[in-house]
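Student:
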Amino acid sequence: MITKLLPAYDPTLFQGAIPYYVDYRPRYPEAVYRLIQESFHLDGRGRLLDLGCGIGLVALTLEAQFEEVIGIDPDPEMLRVAIQESEQQNAQKITWKQGLAEEITDDLGSFRLVTIGRAFHWMDKPTVLQRSYERLDSLHLTDSSKSGIAIIQTEKDIWSNDSEWAQNVLTVIKKWLGEKRRVGSTTVPLLYQSDLEILEASPYKQIEKHTIDFQKQWTVDTFIGYLYSTAYCRRDYISDIPAFEADIRAALLASEPSGVFVEDIPITVYLGFKA
Numbered sequence: 001m002i003t004k005l006l007p008a009y010d011p012t013l014f015q016g017a018i019p020y021y022v023d024y025r026p027r028y029p030e031a032v033y034r035l036i037q038e039s040f041h042l043d044g045r046g047r048l049l050d051l052g053c054g055i056g057l058v059a060l061t062l063e064a065q066f067e068e069v070i071g072i073d074p075d076p077e078m079l080r081v082a083i084q085e086s087e088q089q090n091a092q093k094i095t096w097k098q099g100l101a102e103e104i105t106d107d108l109g110s111f112r113l114v115t116i117g118r119a120f121h122w123m124d125k126p127t128v129l130q131r132s133y134e135r136l137d138s139l140h141l142t143d144s145s146k147s148g149i150a151i152i153q154t155e156k157d158i159w160s161n162d163s164e165w166a167q168n169v170l171t172v173i174k175k176w177l178g179e180k181r182r183v184g185s186t187t188v189p190l191l192y193q194s195d196l197e198i199l200e201a202s203p204y205k206q207i208e209k210h211t212i213d214f215q216k217q218w219t220v221d222t223f224i225g226y227l228y229s230t231a232y233c234r235r236d237y238i239s240d241i242p243a244f245e246a247d248i249r250a251a252l253l254a255s256e257p258s259g260v261f262v263e264d265i266p267i268t269v270y271l272g273f274k275a
């Protein structure tokens, strides 16, 4: 069952994309979780708050490191997948709640760690950082245990990848969907502050930025599936699916005739600690 925190959310952002999200989105490598575990000295104590939890990738992986886990996401379809995954994995310490990270309140209680995966870019970042900081407890602030936040970002995608194959794909996407990156019914605005600058202006202290190199091998078919998992290239945006997919295939094969190619996906992990 999903506990609903907030009454209103526009569900169109990933409408129809969830099955593709489950099947084709790259998972975070083990090095990401190892960094978080070692940095915060996780030892099975305390509570985890996973904001923008999506289908539960972070919450499910870190569940064993906590006494209790709360995963919050505004998308009910994402949460249904998270519930299914937690049942399959017998993850009994996780509670899933529908809501926005910007509107978390003190009735959730306090937490040892807050995590945000590939969702921070959708959020009102200063508000989320302030409210999440207020939800951190001080019970574990000892030499061997810390409280804070871990934000996982995969900052490179088709729109910022200068490789030949990626630029070829982007040309096709712009041909079909327009020059500006789509987000549901609108487009992405320009951002003038980096995540690091926003974190440094927040209550969090001892801000750290870590980069973890990661590579994903794609085939033409799996990459098309990945595109349909995104908010900027949902399948229902496309007026002629066969023609669009033919264009994508031609663009990819022009760069890599084998149909198998590797994408470098550097992962940035920001850590912030409670003072």
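The opening residue of the sequence shown carries number 1 in the UniProt record's numbering; numbering runs sequentially from there. C-beta atoms are modelled at their ideal positions from N, C-alpha and C, and glycine is treated no differently. All of these numbers come straight from a predicted model, not from anything done at the bench.
Whose C-alpha, out of L48, I151 and I212, is nearest the C-alpha of D137?
Tutor: In the sequence shown, counting from the first residue as 1, residue 137 sits at position 137. It is L48 whose Cα lies nearest to the Cα of D137.
Student: Of all the options W218, F273 and G272, which has the alpha carbon lying nearest to the alpha carbon of D23?
Tutor: Against the sequence shown, residue 23 aligns to sequence position 23. Residue W218 holds the alpha-carbon nearest to the alpha-carbon of D23 among W218, F273 and G272.
Student: Could you tell me the alpha carbon to alpha carbon distance between I224 and T12, rounded to whole angstroms?
Tutor: Within the sequence shown, residue 224 is the residue found at index 224, counting from 1. Within the sequence shown, residue 12 is the residue found at index 12, counting from 1. In a straight line, the C-alpha of I224 is about 20 Å away from that of T12.
Student: On the CB-based measure, 16 or more other CB atoms within 10 Å of its CB, does T230 come out buried or exposed?
Tutor: Taking the first residue of the sequence shown as 1, we reach residue 230 at position 230. With 16 or more other Cβ atoms within 10 Å, it is buried.
Student: Let me check understanding here. Comparing Cα to Cα, which of G109, I151 and R112 lies closest to A119?
Tutor: In the sequence shown, residue 119 corresponds to position 119, counting from 1. The residue with the shortest Cα to Cα distance from A119 is I151.
Student: Can you pull the DSSP bridge partners for S86?
Tutor: For the purposes of this step, residue 86 is identified with residue 86 of the sequence shown, where counting begins at 1. S86 has no beta-bridge partner at all, per DSSP.
Student: For the alpha helix (DSSP H) that G225 lies in, which residues bound it at each end?
Tutor: Taking the sequence shown and counting its residues from 1, one reaches residue 225 at position 225. The continuous alpha helix (DSSP H) containing G225 extends over residues V220 to Y228.
Student: Taking the alpha helix (DSSP H) that E164 belongs to, which residues open and close that run?
Tutor: As a first step, residue 164 must be located in the sequence shown, where it is residue number 164. That run of the alpha helix (DSSP H) goes E164 to L177.
Student: Let me confirm a value: S132 is counted as buried when at least 16 other C-beta atoms fall within 10 Å, else exposed. Which label applies?
Tutor: Your numbering for residue 132 matches position 132 in the sequence shown. Counting Cβ neighbours within 10 Å, S132 comes out buried, since at least 16 surround it.
Student: Measure the alpha-carbon distance for E102 versus F66 and round it to whole angstroms.
Tutor: Position 102 of the sequence shown, counting from 1, holds the residue named residue 102. Position 66 of the sequence shown, counting from 1, holds the residue named residue 66. Their Cα atoms are separated by approximately 23 Å.
Student: Exposed or buried, what is W159 when buried is set at 16 or more other beta-carbons lying within 10 Å of its beta-carbon?
Tutor: Looking up residue 159 in the sequence shown gives position 159. Result: exposed.
Student: Can you say whether R45 is buried or exposed, counting buried as having 16 or more other CB atoms within 10 angstroms of its CB?
Tutor: One-based indexing of the sequence shown puts residue 45 at position 45. By the 10 Å Cβ count, R45 comes out exposed.
Student: Out of Y21, G52, R25 and V58, state which residue places its alpha-carbon closest to the alpha-carbon of L35.
Tutor: As a first step, residue 35 must be located in the sequence shown, where it is residue number 35. Ranking Y21, G52, R25 and V58 by CA distance to the CA of L35 puts V58 first.
Student: Going by beta carbon distance, what residues of the same chain come within less than 8 Å of P126, once the five residues before and after it are set aside?
Tutor: Against the sequence shown, residue 126 aligns to sequence position 126. For P126, where only same-chain residues beyond five positions count, the Cβ hits under 8 Å are I198, A201 and S202.
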